[in-house]
Each structure stands twice: as structure tokens, then as C-alpha cells.
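Reviewing the structure listed below.
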Amino acid sequence: MNRNLVIGGVLSLLAIAAALVSFVWTPFEHTAMNIPAKLQTPNGVHWFGTDHFGRDIFSMIMVGARTSIAVAFVAVGIGMALGIPLGLWAAARKGSYVDELIMRANDLIFAFPSLVIAILITAIFGAGAINAIIAIGIFNIPVFARVVRGAAMPIWEREFILAARVAGKNAARISLEHILPNVMNLLIVQATIQFSLGILAEAALSYVGLGAQPPTPSWGRMLADAQTLVSIAPHMALIPGFAIIITVLGLNLMGDGLRDYLNPRLRVART
Amino acid sequence: MSLLSIRNLSLSIGTATILENVSLDVAPGQIVAVTGESGSGKSMTALGVIGLLPDHAVTTGDILLDGENLLDQSEAQMCQLRGNDIGMVFQEPMTALNPVQTIGDQVAETILIHSNTSKRAARAQAADMLTRVGLPQDKFPLSRYPHELSGGQRQRVVIAMAIALRPKLLIADEPTTALDVTTQAQILDLLQGLARDYDMGLLMITHDLAVVSDMADHIVVMRLGRIVEQGATNALLANMQHDYTKMLFAASRHEVALPPVTQSKPLLRVNSVRRTYKMPRTSLFGAPALFEALKGVSFNIDRGERVGLVGESGCGKSTLTRAILGLDPVQSGEILIDDAPVYAGQTPDLDVRRKMQVVFQDPFGSFNPRHKVDRLITEPFHLLKQPPKGAARQALIGETLEAVGLAAADQHKYIHQFSGGQRQRIAIARALIIKPELIVFDEAVSALDVSVRAQILDLLADLSARYGLTYLFISHDLSVVKTVTDRVLVMKAGQIVEQGVTAQVFASPQHPYTQELLNAAPKLPDLHPLGSSL
Amino acid sequence: MIRYTLKRLMSLIVSLCIASVLIFFVIEVAPGDSASFMLGINAQEDTVAALRAELGLDVPKWQRYVAWVQGMLVGDFGTSYTYRTPVAQMVADRLWVSLPLTLYALTLSTVIALPAGMYAAARRGRTGDVAVMGATQFGVAVPNFWFAMMLVLVFAINLRWFSAGGFAGWDKGLGAGLWSLTLPAIALALPQAAILARVMRSALLDVLTEDYMRTARAKGLTKSQTIWRHGLRNALIPVLTIIGLQFSFLLAGSIIIEQVFYLPGLGRLVFQAISARDLIVVESVVMLLVFAVIVVNFAVDLAYAAVDPRLRSRT
Chain A
320 MNRNLVIGGV
330 LSLLAIAAAL
340 VSFVWTPFEH
350 TAMNIPAKLQ
360 TPNGVHWFGT
370 DHFGRDIFSM
380 IMVGARTSIA
390 VAFVAVGIGM
400 ALGIPLGLWA
410 AARKGSYVDE
420 LIMRANDLIF
430 AFPSLVIAIL
440 ITAIFGAGAI
450 NAIIAIGIFN
460 IPVFARVVRG
470 AAMPIWEREF
480 ILAARVAGKN
490 AARISLEHIL
500 PNVMNLLIVQ
510 ATIQFSLGIL
520 AEAALSYVGL
530 GAQPPTPSWG
540 RMLADAQTLV
550 SIAPHMALIP
560 GFAIIITVLG
570 LNLMGDGLRD
580 YLNPRLRVAR
590 T
Chain B
98 MSLLSIRNLS
108 LSIGTATILE
118 NVSLDVAPGQ
128 IVAVTGESGS
138 GKSMTALGVI
148 GLLPDHAVTT
158 GDILLDGENL
168 LDQSEAQMCQ
178 LRGNDIGMVF
188 QEPMTALNPV
198 QTIGDQVAET
208 ILIHSNTSKR
218 AARAQAADML
228 TRVGLPQDKF
238 PLSRYPHELS
248 GGQRQRVVIA
258 MAIALRPKLL
268 IADEPTTALD
278 VTTQAQILDL
288 LQGLARDYDM
298 GLLMITHDLA
308 VVSDMADHIV
318 VMRLGRIVEQ
328 GATNALLANM
338 QHDYTKMLFA
348 ASRHEVALPP
358 VTQSKPLLRV
368 NSVRRTYKMP
378 RTSLFGAPAL
388 FEALKGVSFN
398 IDRGERVGLV
408 GESGCGKSTL
418 TRAILGLDPV
428 QSGEILIDDA
438 PVYAGQTPDL
448 DVRRKMQVVF
458 QDPFGSFNPR
468 HKVDRLITEP
478 FHLLKQPPKG
488 AARQALIGET
498 LEAVGLAAAD
508 QHKYIHQFSG
518 GQRQRIAIAR
528 ALIIKPELIV
538 FDEAVSALDV
548 SVRAQILDLL
558 ADLSARYGLT
568 YLFISHDLSV
578 VKTVTDRVLV
588 MKAGQIVEQG
598 VTAQVFASPQ
608 HPYTQELLNA
618 APKLPDLHPL
628 GSSL
Chain C
4 MIRYTLKRLM
14 SLIVSLCIAS
24 VLIFFVIEVA
34 PGDSASFMLG
44 INAQEDTVAA
54 LRAELGLDVP
64 KWQRYVAWVQ
74 GMLVGDFGTS
84 YTYRTPVAQM
94 VADRLWVSLP
104 LTLYALTLST
114 VIALPAGMYA
124 AARRGRTGDV
134 AVMGATQFGV
144 AVPNFWFAMM
154 LVLVFAINLR
164 WFSAGGFAGW
174 DKGLGAGLWS
184 LTLPAIALAL
194 PQAAILARVM
204 RSALLDVLTE
214 DYMRTARAKG
224 LTKSQTIWRH
234 GLRNALIPVL
244 TIIGLQFSFL
254 LAGSIIIEQV
264 FYLPGLGRLV
274 FQAISARDLI
284 VVESVVMLLV
294 FAVIVVNFAV
304 DLAYAAVDPR
314 LRSRT
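Protein chains in written order, with the working numbering: chain A, 320 to 590; chain B, 98 to 631; chain C, 4 to 318.
Next comes the structure, spelled out in C-alpha cells:
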């Protein structure tokens, strides 16, 4: 096992554990206001302090992890569910109009950064976590399509694919049987990266009010609340920021670690 | 006095010993060839001389150039020597040049970094050098980029770079292995001429014994990091001492006895097949140029016949192979197997596919690394209406693996557990398992060491006798085609220029191109008979 | 080269056409009518109809699309529903904040990242490399708007080197304008610089294993000479792709960063427009952003051809 994988795994698990535990237990009700206890710095009762309404920040962070992880997870799911088949299809029909069409559509989506998609969707349907998921998810589709196509194309040139064609297998079957397993490692690594980007994007969208709406707590909105108070209560900004950084850092380290771990060439070199 | 003198050179990387007590000499103007199979350490010897070994390599012994020990030189001193006193030419001309720099700049760079010449003078000198290596300025100006040149032309550029300052020693590491036989002959000629003209020592690394015997003054045979035998070419060839040397030469000229062809019923018919590709447009609004890969190719293969197809890269061999396998459509003409067309659009016609299988060149790329051998070789079962199940399947897998010289138990292993030669046996097992009417061997022995190649050729002869195989054997290697085929087709620029009984074509080629091919191929000297057994 | 340029130009135009259709019709399906929204729920039917006519909402959609595109081609983006001023003017004012901010950040990111990546690649596996790579791991993980808040806390509130927000304006001189964009630009640039430095490093390391690098060494070039003369230009090819992608991320990021620094840029405009359902403004800003991204991608394609001669002669 390599160091990146262990450290990254532990940090990511921390966020996931916080999200899961929050379903059964939080130190305080995360929406419970307590104005007399407002703006407390971290202490024995409120481990991460309280915000301007006297809400317990530790509890809010735990429940906020739910939002972040759920949004990022579903968005990556959308990206993979649509992007992978498209990428496989494009690679199988390399150079044909199907390939051209898929890739041009991808380019087009790339011209709409996820924030722009979010702005469009919000302009139409209003803000909300679902719209954040769609915005981030749409942007993930071309990412996965490109990665899969890029990795699949050289494999299509390999002789074992020609042998499978000589064995009478059609493109769909070859894609599933031979191409997909051989690009899987890459996809796992890409998924962790997109997951971490999803967490960052969710935070940004919530921060500008395009993501999860009150009372659903979210790390991004906690930061928006903290902004005007940053000079008198810096912990309100620091703590959600650290939560984001730790989660994203953990996922990225895990991605790096997985890449090394899953790459057989590197693994052999190391042992 | 010798120019280069390697004394007791040993080299290890980590715990692996790569070279052990290697000693050899190169005199000015002398051509020394180091030969051996993969893993012999011949390339590492070359890299050791020019000081470009991997970072963690540990060396002992001496490498003396003009009496000075190269192993004692600092990196800065080595940089002075490289390009100035020692030049090097590598195997892969397609990737050896910087793709984003002109050939003129790349050749001039050698001159500029070692002298105070002006840029203009360096370019003039570069132009002279390129002309000397056969790239005259009117056709190949300095402003050309590598991608505008062929493999042979690129290798000439690499040579021009290496000899721009007339080094005393030129190292050539498999300089012609990636090239066609006619190009190879020209490059070897060029290297030989340069060594003589400039009185330059040439240390040549090659696995090709015919090349070795053709041009070297002195031969060094290596195996597993040691020199097994060395001597002046004529003396060594006439009187080989070491068994390994004898085996190598015997394997290189290995011939097999094919069983006679018994019937003459046509199996595969290729009728005036044409295939054109659109080239990238060169002018803005003009129609794209068309490249005719196949210009009306016709031939038949009868049942039980073993047919060879030879030609150089770009002659249309690969296009024809893919068309015969039914992987790509053709524009006109027809390819029929037992009177049914081999290509049936996107959905393959399994009845036709069942009759053909293929063995590819690359023993490392022809298998999905994630599957075990039993799954790999049974992939063609997909073609059968009722693939064998249970015990019958097991029996067939075992029988097939044993037929190609492996054990039935090998089916539970992954492909990376096998050597290159064993993988090629597995590839043959995969082709054989559904007992196809026709097997296409696409450069199937080209990537193998000579000793392994000889074994695979034996296997082919053995299988032909046992199963009455019909095959199409595609290769650029004339010596191999000569022994494993009954009839041969010679292909050039999309056409079959000559076809006939193999022995006849080789003995008295009719077409000028066939003659050129046969002349260009380096030949092993005809020495006393060594017997054909290994 | 001309052919390559024209081909890219064609694809740029096609992309723009499709993007404009998408944006226009996606916004047109939006529930809620701008006219009734502006007038409130108590408005009379005929008042709404009159406003609809005034805003040009009563003609068929495709006619409005054509009019919209025709207008944009001559710089007329229509009239804001809420402010009743030309959108072009509103957008232009804001663009003079957002665009310089983006370019400032892109410059910073490139200037920091390329040397850092080269340094790390040259010291591969040693302390310098580990330090740079560790720093980039953090850089990638930090949300830029949070980083912006921290910069404000330290450099504006505590050290008072900068003002905590707002924009000095260009009329007070280039220096003053740039100064007030400096913290936002740093906040935007550093996370992107971290990504770019990683790409630069791995592109260089990939190039180091190429055959032509060994050929160059055989000529007598030192290791660092081979990197400078042969490695860099080849490594730039993947780096250019990322720089192109970063432009769109930075542009989008600037919309968020503007919120932290209270900058009067496109971001503020678009959020106000969304809450006021001023769809024509949203439409125009989004179209402008997409236009910028597509044009930058075109520029990157041209830069590719400048770096790589193989592209010039092919296609």
C-alpha cells in the first residue's frame, strides 16, 4: 500500500463518516438557534464554536458533509453513466460521423463551465441542490467521454482487439468485454478527481446562492454567512474551509495513490 | 593501437547483473559487430561507452577511448566527448528526432554546442553532412521537419547528426532493425562507407547475423551479459568454438520440411481487389488526394496450400490482410472464401468468420492481459453454433495447448507468465482451436529471437503435417518465407508483381523488384553444413 | 497553415451558432413570463400584454432568436427588462472589470506555474520536487472564494495593504485599478496555478523519456540543455490545452470571486439579473462568456499549430 492511498483514504473516510453519523447523531440539532450563545469560538461545549445564530458549527459541518458528498456523488454518477458509453461508442466508431458528433458536442459542453450551466438552470428553475447536481453532472459527461475515448482508441489498435474481431465479436461486445476492463483503472482515478472537483463546485455554487437552499446546511453557504463576519468571527470561515480542504485533499491523494496502485507497471517497479 | 578498448566491464542495476567481464576492442576504421539475442546486454554495452546508462547502473572495469578511461570522466567531460569524439545512432528513427525542430537545426546543433562556429557556418556544414548521408539540399532542405521524411530518411538525419563533427567512434545500436530490407541495405552501405572514409571506428549492435557477417571486420557474440566468443569475422565464421554461436547461426538459417500439398481445391479467392484511402488535403479547396493501397490484387489459395506474401512497409500488405480477414471493406473486387464474401458489413457473418483465424506479430499485444489462457484461446468459440462445454471443452483446450507444445495446465495462467515464444504458441493455439480452414500469419515470427523463431517454424511444419493446415504467411523476412511456404506472392505499391512456386521465385526471380529485394537482403555466408537440428 | 486556421474558424462559427441556439431556447422555456414578473401578480391582463409588446415578447420565438443574433452581431444586446437601459452598455461596463481580472489571474497562474513545474520536474523525487508537489496538492484542494476571504482577512483587514473590496476604477489610473484587482487575481490564480504546475511537471517528465531526448544527449548536450532546447517545446503541447481550459474556469471563477470583493463585474450583474428575472441580461452574459471560451479555444488551437509543425502540414 502506498502512503498517498492511506492518508487520502483516511481523510476521505473522515468526511464520509461525518456524513453517515450525522443521520443518527449530532452534538446539537444543527438548525437549533441559540442567540445568547452566538459567535462563540471553539470550546468544550461547542467543539467548533457557534455561528451568528448560536447554531453549533460542528453539527452543521457534519450535516453539511451530507450535502457535499451527495451532490458530488450523484454528479459523478451522471457523468459516468452518460460519459462512459458515449466515449466507448466514439472510440469504436473512430473517425465516423458518430465520433465527430459526440466529440463536437463535448467541446460545446466544455464551453459552458459548470457555473454557467448552473446560472442557466437557476435562471429557469430557480436555485436548489438538484440543479447544482445537474449542472455539475452535465459538465462531467464530456470529461468521462474524453477520458474513455482517449484511453480506448489505442486499445482498439491492439492486436487482441483484432483477434476478437476475427472471432466474430461486434463492437459493442468488444467494448464491454475488452475495452472497458482495460480502461477501468483510469476511470476509477478520474472518478475520484471528479468527485473532489464536485465537492469544490458544490461549495462554490452554494456560496453564491445557486446550490442547496436553507435550511439544508452546506459548507459553501456557511462560508457565505461567514463572509461579513470574517473580521470578528474568523472561525466561522476557517472551519468550513478546512472541512472542504480536508475532503478534497483526501480525495485527490486517494486518486494519486490509486493511480500508482492500479498501474501494474509501476507496481512491478516498486516491489 | 586500438581506439576503443573495453576491459572487464561489469555492470549491475540494483541486484541484477547486466554485464559481466566484457572486453572488446575497436580500431580506427574497423567495424566491430556485437550480436546476441534479447537480454544479452549488447545495447547496454553500447550505452556504457557513450555514458548514457540508466541512473542507477553501477559499473566496474575500464572503457578506454584513446587511452583515457571514460568511466572516470565527469559528466561535463562526457558531454564534451559525446558528439565530438563519439557519435551514436539509435534503433527507432521514427522517434529519435525532435518532432518540433527542423532537421537542419538538429544537425547544426551538434556543431554549435561543440565549437564557436557561427550559426550560418554550422548550417552550411549541416547541409554538407546531410548531402553526404544522401539527403541533398535540393530535395531535402534544412527546413524540413522530421514528420515529412520516411523512416530511412530520418535515420540518415540521425547519422548526419552523429557524424557531423567526424567523431573517432560511431556507435550504431540496431540502426536498421526498424527499416525495410532495401532501405537497410542502403543505410548499412552508408555506415560502412563512412567508417572507411573517415577512418572512424564503428561499434555496431545488431541481432541480425546476416548483417553481422556481411559487414563486420570483427564479431562479438554475447549471451546473458557475457561474451561467449569473439574473433575476426572470417576466422570466427569458419571455426566457431562455442555451442551458443553455432546454435545462433544454425537457428538463423533454420529450414523446415513441409509435407507435400495433396489437393488443389480453391479455398480463398481474391479477385481484382481495390482499396483507396482519402489522403489529408494538401490544397485548400482541391479534392482530397486518393491513396491506392490496393490496385487490383488477385490470387487464389487452395486447400492445404501454404502461401507467402512478402513486401516492404507501405506496400499494402496490412490493408490486404485486414480485407482478407473481413475486418475492412474493399471498394471493388471480391474476396471469397468457399464462394462466400468475407466482409458482411458491420455485423460479421459467423459462417464465414469460422473458416479463418489469425496470428499476429506482437506476442505482447495480442492478448487481453486481464484474462487467463483458457479464456484467451477459447475466444473463437464465439463463432461456433454449439461451442463445446464441460469436459469436451476441457479436453479440447488441453489437446490444443499440447499440440502447440504447452501443457494443459497452462490454461490457468495469465499471459504475463509466459515468454515471447510461448505467447506466440498460445496465439497459434487460439487460431487452431476451432480448426479453421485458413490461418493468416501476420508477421507472426518477426518479433522473436532467432532460436525461438526456429522453434515456432518447426511447430508450423509439425502442425501442417498433423492437421493439413492452409495458411497465408505474411512477412518482410525473405529467409523465413522461403522455408515455410509452397508458393509466394511478391507485393509492391498495392500490386502483386510476381507470384510462383517459392523455390522457383527465390532461385530465378523474374520481376526487377523481386530481384532487388533478394539482392538487398543480407545473406548468411554459406559455410560448411551445420545440420538442421538444434 | 491557412487551411488549418480556416478549418478551426469554421468549427468556431458552428460552435457559436449552436451555443446561441441552446442558450436562447433553454432560457425561452423558462417558466414564468418576464412581463408579468416585472409587473407583479396584481397586474391587469392588458398591462401585461402591453409590456410584452413593448419588450418584443409577442412575436414567435424563432423571429426573436433571429433578431437577438442580428442585434448581437452589431453590438446591440437588447434592452434590460428591469433597468430599461441597453444591455450592451451594462455588460461592457462590467466586462472592463471581469475580463482584466481573468487575464490578470491567467497571467499570474502561468507565470507561477510553469517555472514551478519545471523546477519540480528537474528535481524529480528530491526535496524541491516533494515541496512543490505538496504545495500543489493543497493548492488544488483550496476553494478559491475561501482563499479570497482569507486574503481579505490577512492583507486587507489585518495588514491594511489593500482595501477589503470594491474597485478603484480605471479612471484613477492603471496602477490603482490593477492594485484593487490584485487580491482577487491571486485568489483566482493560485488554485489554477497548482493544477498547471502539476501538468507542466508531468508533461516534462513524459517528454524526458522520449527517444529524441536520448538522441540529444548523444550529441553532447547536458541534461538541462536537453530539457531547455528539446523538452520544453514538446511539453508545452499538453500545457497549452490546460491553459485554454483554465481560461474558462477563471472566467467562471471570477464571477464568484467578485462576490467576495464586491467587485462590479459580470458576476454581480448576472446574479442581480437572475433574481429580477431579467432574462435578456442573463442570456447576453452567458452568451458572452461562452463566446469568450470558444474564442480562447480557437486561439489555443492556433498556438498548437505554432508549436507543432505536424499540425501545420496535416488537415
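Yeah, the Cβ is synthetic: ideal placement off N, Cα and C, and Gly gets one too.
Kindly indicate if chain C contains any beta-carbon less than 8 Å away from that of residue i.
{"i": "residue 187(B)", "result": "yes"}
{"i": "residue 200(B)", "result": "no"}
{"i": "residue 587(A)", "result": "Its pLDDT being 41, under 50, residue 587(A) is placed unreliably in this model, and the value from its coordinates should be taken loosely. Cβ-Cβ to chain C under 8 Å: no for residue 587(A)."}
{"i": "residue 258(B)", "result": "yes"}
{"i": "residue 580(A)", "result": "no"}
{"i": "residue 553(A)", "result": "yes"}
{"i": "residue 550(A)", "result": "yes"}
{"i": "residue 411(B)", "result": "no"}
{"i": "residue 139(B)", "result": "no"}
{"i": "residue 196(B)", "result": "yes"}
{"i": "residue 179(B)", "result": "yes"}
Less than 8 Å between CB atoms is the rule here; does residue i satisfy it with respect to chain A?
{"i": "residue 149(C)", "result": "yes"}
{"i": "residue 198(C)", "result": "no"}
{"i": "residue 251(C)", "result": "yes"}
{"i": "residue 318(C)", "result": "With a pLDDT of 42 at residue 318(C), under the threshold of 50, the predicted position of this residue should be treated as unreliable, and no value is reported."}
{"i": "residue 416(B)", "result": "no"}
By the 10 Å Cβ neighbour count, where 16 or more other Cβ atoms means buried, how is residue i classified, buried or exposed?
{"i": "residue 299(C)", "result": "buried"}
{"i": "residue 312(B)", "result": "buried"}
{"i": "residue 322(A)", "result": "exposed"}
{"i": "residue 388(B)", "result": "exposed"}
{"i": "residue 429(B)", "result": "exposed"}
{"i": "residue 329(A)", "result": "exposed"}
{"i": "residue 161(C)", "result": "exposed"}
{"i": "residue 511(B)", "result": "exposed"}
{"i": "residue 176(B)", "result": "buried"}
Check whether chain B comes within 8 Å of residue i, counting only Cβ atoms and requiring the distance to be less than that.
{"i": "residue 432(A)", "result": "no"}
{"i": "residue 207(C)", "result": "no"}
{"i": "residue 577(A)", "result": "no"}
{"i": "residue 237(C)", "result": "yes"}
{"i": "residue 304(C)", "result": "no"}
{"i": "residue 8(C)", "result": "no"}
{"i": "residue 224(C)", "result": "yes"}
{"i": "residue 495(A)", "result": "no"}
{"i": "residue 505(A)", "result": "no"}
So residue i packs on residue j, CB below 8 Å; how close in whole Å?
{"i": "residue 298(B)", "j": "residue 562(B)", "result": "About 49 Å; that fails the 8 Å criterion."}
{"i": "residue 242(C)", "j": "residue 276(C)", "result": "About 36 Å separates the two Cβ atoms, so there is no contact after all."}
{"i": "residue 490(A)", "j": "residue 389(A)", "result": "Wrong, their Cβ atoms sit about 36 Å apart, outside the cutoff."}
{"i": "residue 568(B)", "j": "residue 537(B)", "result": "7 Å"}
{"i": "residue 182(B)", "j": "residue 265(B)", "result": "5 Å"}
{"i": "residue 451(A)", "j": "residue 437(A)", "result": "6 Å"}
Worksheet item: Is there contact between the region 560-574 of chain A and the region 470-487 of chain A, where contact requires at least three CB pairs shorter than 8 Å?
Response: no
Worksheet item: Do the region 514-531 of chain A and the region 399-410 of chain A make contact, defined as three or more Cβ pairs closer than 8 Å?
Response: no
Fill in: the region 138-157 of chain B touching the region 327-344 of chain B, judged by at least three CB pairs closer than 8 Å
no
Discussion item. Whether or not the region 49-57 of chain C and the region 451-469 of chain A are in contact is what I'm after, with contact meaning three or more pairs of Cβ atoms, one per stretch, closer than 8 Å; do they touch?
Written reply: The answer is no - the region 49-57 of chain C does not touch the region 451-469 of chain A, with fewer than three Cβ pairs under 8 Å.
Worksheet entry | Complete runs of the beta strand (DSSP E) confined to the region 297-335 of chain B [at least 3 residues] | 298-302, 315-320, 323-329
Worksheet item: Do the region 342-353 of chain B and the region 364-374 of chain B meet, that is, are 3 or more Cβ pairs less than 8 Å apart?
Response: no
Fill in: Ordered list of alpha helix (DSSP H) runs contained in the region 213-297 of chain C, each at least 4 residues
As far as the region 213-297 of chain C is concerned, its whole alpha helix (DSSP H) runs of at least 4 residues are 214-222, 226-229, 235-264, 269-278.
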